Structures are given as C-alpha cells and as structure tokens.
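Asker: Here you go, one structure.
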Ligand SMILES: [Zn+2]
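In the working numbering, the protein residues as written are 1227 to 1307.
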C-alpha cells in the first residue's frame, strides 16, 4: 500500500504514514450524516400517504445509504486534518 499523500510505501496493516504522518481512516462525520438521513427516510416511508410521498422517502433512504457508504470507504487524511 502506498501513502495517498507522499507515495511512501507502507506495510499493510499500518494506518499512519511514517514519512508524512498522513493517516487512513473512515469519515465518521459522513457516516453519522448518512445514518441520520437514512433514519429520516425510514420514518418518512412509514408515514408516507400515497405513492408520491413514498417515492420521496425511498429517494431519501437511497441518499442516506450512499452517503453512509462513502463515509465507510477509507481515505487518506493529512496529519493535521
Ligand atoms: Zn505519506
């Protein structure tokens, strides 16, 4: 695996670059937002009256799921970010 910032080769299993200090992690804030949106969509789908409202609820659930998935993907962050 290579550091996403400086390109230094890093042994597998290490989450911090020994050269520039960048670290690889999930985006907890994005996961939180995604799960919240997902929950809003679920509640909206339970209270939906009619196909139009149900479609909107399903759309919100989709956005929440995509946002959560993006947050779960590990990415490189600079040491001070
Ligand atoms: Zn690095």
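Cβ atoms here follow ideal geometry from the backbone N, Cα and C, with glycine treated the same way. All figures in this text were calculated on a predicted structure; none of them were measured in a lab.
What's the C-alpha gap between residue 1234 and residue 1244?
Answerer: In the chain shown, the residue the question calls residue 1234 occupies position 8. In the chain shown, the residue the question calls residue 1244 occupies position 18. Straight-line Cα distance between these residues: approximately 8 Å.
Asker: Taking Cβ to Cβ, would you say residue 1250 is nearer than 7 Å to residue 1300?
Answerer: If you number the chain shown from 1, residue 1250 lands on position 24. If you number the chain shown from 1, residue 1300 lands on position 74. Yes, they are a contact pair.
Asker: So, is residue 1283 buried or exposed, given that buried needs 16 or more other C-beta atoms within 10 angstroms?
Answerer: The residue labelled residue 1283 in the question sits at position 57 within the chain shown. Answer is buried; the Cβ neighbour count reaches 16.
Asker: Considering only the beta carbon of each residue, do residue 1293 and residue 1260 sit closer than 7 Å?
Answerer: On the chain shown, residue 1293 is found 67 positions in, with the first residue counted as 1. On the chain shown, residue 1260 is found 34 positions in, with the first residue counted as 1. Going by C-beta atoms, residue 1293 is nearer than 7 Å to residue 1260.
Asker: Suppose only complete runs of 3+ residues qualify. What are the beta strand (DSSP E) ranges in the segment 1237 to 1270, listed by chain order?
Answerer: As far as the segment 1237 to 1270 is concerned, its whole beta strand (DSSP E) runs of at least 3 residues are 1249 to 1251.
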